[in-house]
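Its first residue numbered 616, the sequence shown is counted upward by one per residue in the numbering used here. C-beta atoms are modelled at their ideal positions from N, C-alpha and C, and glycine is treated no differently.
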Amino acid sequence: MMNREEAYKLVKPHLTEHRYEHTIGVTNTAVELAEKYGADVRKTETAAIFHDYAKFRPKDEMRQMVVDFGLPKDLLDYSTELLHAPVGAILVKKEIGIKDGEILDAIHYHTSGRPNMTLIEKCVFLADYIEPGRKFPGVEEVRELATVDLDQAIVQSIKNTVNFLMKKNQPVYPATFETYNDLVRPREKGETNGRK
Ligand SMILES: [Fe+2]
Ligand SMILES: [Fe+2]
């Protein structure tokens, strides 16, 4: 596996200066979360560095890739902002050569989430929301929750996102609701809501 500096060098040409700073913030935050909650630190770090790899690909190119690579077609009915995550996972595999499924999944699901997220996926998803460069209303409450409960922090971030989209009469991608439902559903003792 490549080290952090090598990985930053590979991702930098694909990002704006602002998005590169965001990526560094997400990586630092995701690694902290991984250490705190016991996710694989190296895999979380790599996923975080490449999570926005496809952010600036032309929109029509990304739409075409949804068709060509057999990604869920309903992605095309929602904000094009959703596309860079699943498309990014494919491009990181093809162009960077990262083949680890857990890393690629964390990139794929970093915007929508999904039910039964792995710890790596959760750390990248939440870090994307709370990294130090994020300034939006409600982020401080999610940062506080992230110090005590990974799942509750994600739940609160989804509530904020859904409220924001609803205020603007924007559609909400179903996987976002599925992720929320999965995390608020009561569990049996000993049952987890993560993969593996
Ligand atoms: Fe993203
Ligand atoms: Fe991001």
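Here the alpha carbon of T807 sits roughly 10 Å from the alpha carbon of T733. Inclusion of H699 and T659 in the CB contact set at 9 Å is not warranted, their separation being larger than that value. A Cβ-Cβ distance of about 6 Å is found for the pair Y668 and L706, placing them in contact under the 8 Å criterion. Under the DSSP assignment, M781 falls in the alpha helix (DSSP H) whose first and last residues are 765-782. Contact between V702 and R672 holds: their C-beta atoms lie close to 7 Å from each other, under 8 Å. Taking 9 Å as the cut-off, the Cβ atoms of F740 and S694 do not count as close. CA-CA distance, D715 to L798, rounds to 25 Å. For A700, the Cβ falls inside the 8 Å cut-off from some heavy atom of ligand 1. The Cβ neighbour count for V681, taken over all protein chains shown within 10 Å, is at least 16; the residue is labelled buried.
Boundaries of the alpha helix (DSSP H) around A742: 734-745.
Just measuring C-alpha positions, the residue of A649, K651, K674, P747 sitting nearest E636 is P747. Collapsing the DSSP output to three states places Q679 in a helix. Only residues of its own chain outside the window of five on either side were considered, and among them L698, V702 have a CB closer than 6 Å to the CB of M677, listed in chain order.
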